[in-house]
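Residue numbers (this note's numbering): 4 to 418.
Below is one structure, written out as structure tokens, with a few remarks after it.
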Ligand SMILES: [Zn+2]
């Protein structure tokens, strides 16, 4: 039997243990913030040790371990990096959940709990794909690296950014793959960028009856929002190499994230996430703070959007701006061999065509793409991602494991 067939039969043999591994990982809470992922990472570390695979833990922050393991094949070849994150969204109000967010319950064909979809199923699949390939390293070429991070949900400073800055010799490769929730019939070849801003407004303030004495910061913030709304829906020139992907994936995006999702792939969106200001009805509010999330299409840069926002702010005396987070849009060649390997192997387990798409959200793939390493995402359906009662379909989890193991095997057998 070929290594690919041997890996598939090992996955079939180990199915119960594979499902149990994900359940245990979900039962180890790792909400970020606050971002203490030690328990979750130790579940993974122990699983790798059961396969006899050594790994290294690398820290930018004590409670946020990053894990790196790698092996070389029997001959030279390309270096593939598999990347997943172990931190997850906070569970929010537990009253909204039917079960504990950290139940890890295996029921009705699903593993239940916060992070099951984003992205503990994907991370577990990559860990096991790495482990099964490790068992066949003598028949592979090149090098395979597993790079797991603890800080993706809040921007990556202590995770991917730290690894690429401080340990680049370990995690730079020729190709990068993650298993973020893309949907099982879509391969993400790029993603929109995002800029998160905190905009402040200050005025002298005063008594609510004396509206002639001072401007009201809340009223001014309303006017400023009106100006920012003009950015929403703005279209920018699509990079030529992405135009066919965008045209072809609109309908797929509509199906994955709801009608209208396909229309906003290549436009700016503006979302107001939080607003605070003033103290009571009869006071001229002296302050107001607005948190804004602006998403940028491929082809646009953070500098362009920040310049547009600054133009708006310049109209308002007392307005200030703080950049909380800036993630540039990123994309890779949709004709790269890895896209072929992922889609061909995914189509073995899907009755739809598996197509390249762009993601509306941001992921760690951008860190690799931005330094010229082609990066792709393939993972479960995004349904219930970040919502109460998050749950991943076990059949999807098993298929993602198979697809990543087989695609990596194809890539490392190329030479
Ligand atoms: Zn994620």
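Think of the CB as a built atom: it goes at the ideal place given N, C-alpha and C, for glycine as much as any other residue.
For ligand 1, I want to know if residue 366 counts as a neighbour, meaning its beta carbon is within less than 7 angstroms of at least one of the ligand's heavy atoms.
yes
Once DSSP output is grouped into helix, strand and coil, what is the label at residue 332?
coil
Note the first and the last residue of the continuous alpha helix (DSSP H) segment covering residue 91.
No alpha helix (DSSP H) contains residue 91, which DSSP labels as neither H nor E.
With ligand 1 as the reference, list in chain order each residue whose Cβ lies under 5 angstroms from any of its heavy atoms.
Chain-ordered list of matching residues: 121, 122 and 183.
With 16 other CB atoms within 10 Å as the buried threshold, where does residue 194 fall?
buried
Output the distance between the C-alpha atoms of residue 277 and residue 183, rounded to the nearest integer angstrom.
26 angstroms
Please classify residue 370: is it buried, with 16 or more other beta-carbons within 10 angstroms of its beta-carbon, or exposed?
buried
For residue 179, which residues does DSSP report across the bridge?
84 and 378
Taking a contact to mean a Cβ-Cβ separation below 8 angstroms, would you say residue 379 touches residue 342 in this structure?
yes
Between the alpha carbons of residue 253 and residue 381, how many angstroms are there, rounded?
18 angstroms
In its own chain, which residues sit with a C-beta less than 8 angstroms from the C-beta of residue 242, not counting the 5 before and 5 after it?
Cβ within range, chain order: 301, 302 and 334.
To test your reading of the DSSP string, which unbroken beta strand (DSSP E) runs of 3 or more residues are found completely within the stretch 280-319?
The stretch 280-319 contains these whole beta strand (DSSP E) runs: 290-299.
Taking only runs that begin and end inside the stretch 139-225, name each unbroken alpha helix (DSSP H) of 4 or more residues, in chain order.
163-169 and 171-174
Starting from residue 115, trace the beta strand (DSSP E) in both directions and tell me its first and last residue.
113-115
Out of 158, 410 and 236, point me to the one whose CA is closest to residue 38's CA.
158
What are the boundary residues of the beta strand (DSSP E) that includes residue 361?
Its beta strand (DSSP E) spans residues 358-362.
Tell me whether residue 315 is buried or exposed, calling it buried when 16 or more other Cβ atoms sit within 10 Å of its Cβ.
buried
Name the one or two DSSP bridge partners that residue 272 has.
298
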